[in-house]
Amino acid sequence: FGSRIGDALPTQTDSPPCSLIDFAMADEDQPKKRTFRKFSYRGIDLDKLLDMSNQDLMELFRARQRRKFSRGIKRAPITLLKKLRKSKRETSYGEKPEAVKTHLRNMVIVPEMIGSVV
(Lines of atoms letter the chains of each structure in order from A and count residues from 1; the text may use other names and numbers.)
(Lines give C-alpha, C1' and ligand atoms only; values in the text may rest on other atoms or scores of the structure.)
Protein backbone atom coordinates (compact mmCIF):
# COMPACT_ATOMS: atom_id res chain seq x y z
CA PHE A 1 0.00 0.00 0.00
CA GLY A 2 2.88 2.37 0.36
CA SER A 3 3.25 3.13 -3.35
CA ARG A 4 3.80 6.66 -4.54
CA ILE A 5 3.08 8.18 -7.93
CA GLY A 6 6.77 8.49 -8.74
CA ASP A 7 7.35 4.76 -8.17
CA ALA A 8 4.94 3.80 -10.97
CA LEU A 9 6.77 5.77 -13.68
CA PRO A 10 9.33 3.83 -15.71
CA THR A 11 12.87 5.14 -15.64
CA GLN A 12 13.87 3.95 -19.12
CA THR A 13 11.86 3.00 -22.21
CA ASP A 14 12.81 0.41 -24.79
CA SER A 15 11.04 2.16 -27.69
CA PRO A 16 12.62 5.15 -29.44
CA PRO A 17 11.39 8.54 -28.28
CA CYS A 18 8.58 9.96 -30.39
CA SER A 19 7.78 13.64 -30.20
CA LEU A 20 4.49 15.38 -30.86
CA ILE A 21 6.25 17.79 -33.19
CA ASP A 22 6.88 14.97 -35.70
CA PHE A 23 3.16 14.15 -35.79
CA ALA A 24 2.18 17.82 -36.20
CA MET A 25 4.58 18.34 -39.09
CA ALA A 26 3.28 15.23 -40.87
CA ASP A 27 -0.28 16.59 -40.65
CA GLU A 28 0.71 19.97 -42.10
CA ASP A 29 2.24 18.41 -45.22
CA GLN A 30 -0.94 16.61 -46.33
CA PRO A 31 -4.33 18.34 -46.53
CA LYS A 32 -6.96 16.68 -44.37
CA LYS A 33 -9.31 14.46 -46.38
CA ARG A 34 -13.01 15.20 -45.92
CA THR A 35 -15.17 12.17 -45.38
CA PHE A 36 -18.75 12.60 -46.47
CA ARG A 37 -21.67 11.00 -44.74
CA LYS A 38 -23.02 7.85 -46.39
CA PHE A 39 -26.80 8.18 -46.62
CA SER A 40 -29.08 5.20 -46.33
CA TYR A 41 -32.75 4.64 -45.49
CA ARG A 42 -33.83 1.41 -43.86
CA GLY A 43 -30.56 -0.24 -44.87
CA ILE A 44 -30.73 0.77 -48.55
CA ASP A 45 -28.00 3.06 -49.93
CA LEU A 46 -28.80 6.39 -51.56
CA ASP A 47 -27.76 5.21 -55.05
CA LYS A 48 -30.32 2.40 -54.99
CA LEU A 49 -32.99 4.72 -53.54
CA LEU A 50 -32.49 7.20 -56.39
CA ASP A 51 -33.00 4.42 -58.94
CA MET A 52 -36.27 3.26 -57.31
CA SER A 53 -39.68 4.24 -58.63
CA ASN A 54 -42.27 5.97 -56.46
CA GLN A 55 -44.12 2.66 -56.00
CA ASP A 56 -40.99 0.95 -54.65
CA LEU A 57 -40.32 3.91 -52.36
CA MET A 58 -43.87 3.78 -51.03
CA GLU A 59 -43.27 0.22 -49.83
CA LEU A 60 -40.34 1.47 -47.72
CA PHE A 61 -42.19 4.44 -46.22
CA ARG A 62 -44.24 4.38 -43.06
CA ALA A 63 -48.05 4.50 -43.08
CA ARG A 64 -48.50 8.29 -43.05
CA GLN A 65 -46.11 8.82 -45.97
CA ARG A 66 -47.64 5.92 -47.94
CA ARG A 67 -51.10 7.42 -47.44
CA LYS A 68 -49.92 10.83 -48.65
CA PHE A 69 -48.29 9.37 -51.76
CA SER A 70 -51.25 7.12 -52.58
CA ARG A 71 -53.62 10.12 -52.47
CA GLY A 72 -51.41 11.92 -54.96
CA ILE A 73 -48.65 14.51 -54.71
CA LYS A 74 -50.09 18.02 -54.75
CA ARG A 75 -48.84 21.05 -56.65
CA ALA A 76 -46.77 22.67 -53.86
CA PRO A 77 -44.44 19.69 -53.21
CA ILE A 78 -43.89 19.25 -56.96
CA THR A 79 -42.87 22.90 -57.38
CA LEU A 80 -40.51 22.58 -54.42
CA LEU A 81 -38.87 19.54 -56.03
CA LYS A 82 -38.53 21.46 -59.31
CA LYS A 83 -36.84 24.38 -57.52
CA LEU A 84 -34.48 22.01 -55.69
CA ARG A 85 -33.54 20.27 -58.95
CA LYS A 86 -32.90 23.64 -60.60
CA SER A 87 -30.67 24.91 -57.76
CA LYS A 88 -28.74 21.62 -57.74
CA ARG A 89 -28.29 21.73 -61.53
CA GLU A 90 -26.93 25.30 -61.49
CA THR A 91 -24.16 24.62 -58.99
CA SER A 92 -20.68 23.52 -59.96
CA TYR A 93 -19.17 20.28 -58.68
CA GLY A 94 -18.16 20.35 -55.01
CA GLU A 95 -20.17 23.49 -54.25
CA LYS A 96 -23.20 23.78 -52.01
CA PRO A 97 -26.45 24.48 -53.88
CA GLU A 98 -28.33 27.73 -53.36
CA ALA A 99 -30.89 27.60 -50.53
CA VAL A 100 -34.54 27.23 -51.54
CA LYS A 101 -37.07 28.86 -49.24
CA THR A 102 -40.34 27.11 -48.53
CA HIS A 103 -43.21 27.01 -46.04
CA LEU A 104 -43.87 23.30 -46.60
CA ARG A 105 -43.35 21.83 -43.17
CA ASN A 106 -45.18 18.57 -43.88
CA MET A 107 -43.21 17.66 -47.01
CA VAL A 108 -42.11 14.04 -47.27
CA ILE A 109 -38.33 13.87 -47.72
CA VAL A 110 -37.63 11.90 -50.88
CA PRO A 111 -34.16 10.64 -51.92
CA GLU A 112 -33.67 13.23 -54.69
CA MET A 113 -33.80 15.98 -52.03
CA ILE A 114 -30.58 14.72 -50.40
CA GLY A 115 -27.77 17.20 -50.91
CA SER A 116 -30.10 20.18 -51.41
CA VAL A 117 -30.39 23.13 -49.06
CA VAL A 118 -33.92 24.03 -48.00
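In terms of this note's numbering, the sequence shown opens at residue 73 and continues consecutively. Where a beta carbon is used, it is the ideal one built from N, C-alpha and C, also for glycine. What you are looking at is a predicted structure, and each value in this text was computed from that prediction instead of being measured.
- Rounded to the nearest whole angstrom, the C-alpha separation of A135 and L176 is 20 Å.
- By the neighbour-count definition (other C-beta atoms within 10 Å, threshold 16), V182 is a buried residue.
- Distances from the alpha-carbon of R143 to those of L156, N126, K155 put N126 closest.
- In summary, S164 is exposed, with fewer than 16 beta-carbon neighbours lying within 10 Å of its beta-carbon over all protein chains present.
- Rounded to the nearest whole angstrom, the CA to CA distance from G115 to M124 is 14 Å.
- One alpha carbon belongs to K140, the other to K104, and they sit about 44 Å apart.
- When secondary structure is reduced to three states using DSSP, S125 falls in the coil class, being assigned neither helix nor strand.
- Exclusion of the five residues before and after Y113 leaves L121, L132, P183 as the residues of its chain whose Cβ lies within less than 8 Å of its Cβ.
- Residue state for S112 is assigned as strand, using DSSP reduced to three classes.
- Distances from the CA of P169 to each of V190, L153, I145 were compared; the closest alpha carbon is that of V190.
- Within its own chain, the residues whose Cβ lies closer than 8 Å to the Cβ of G187, once the five positions on either side in sequence are excluded, are K160, P169, listed in chain order.
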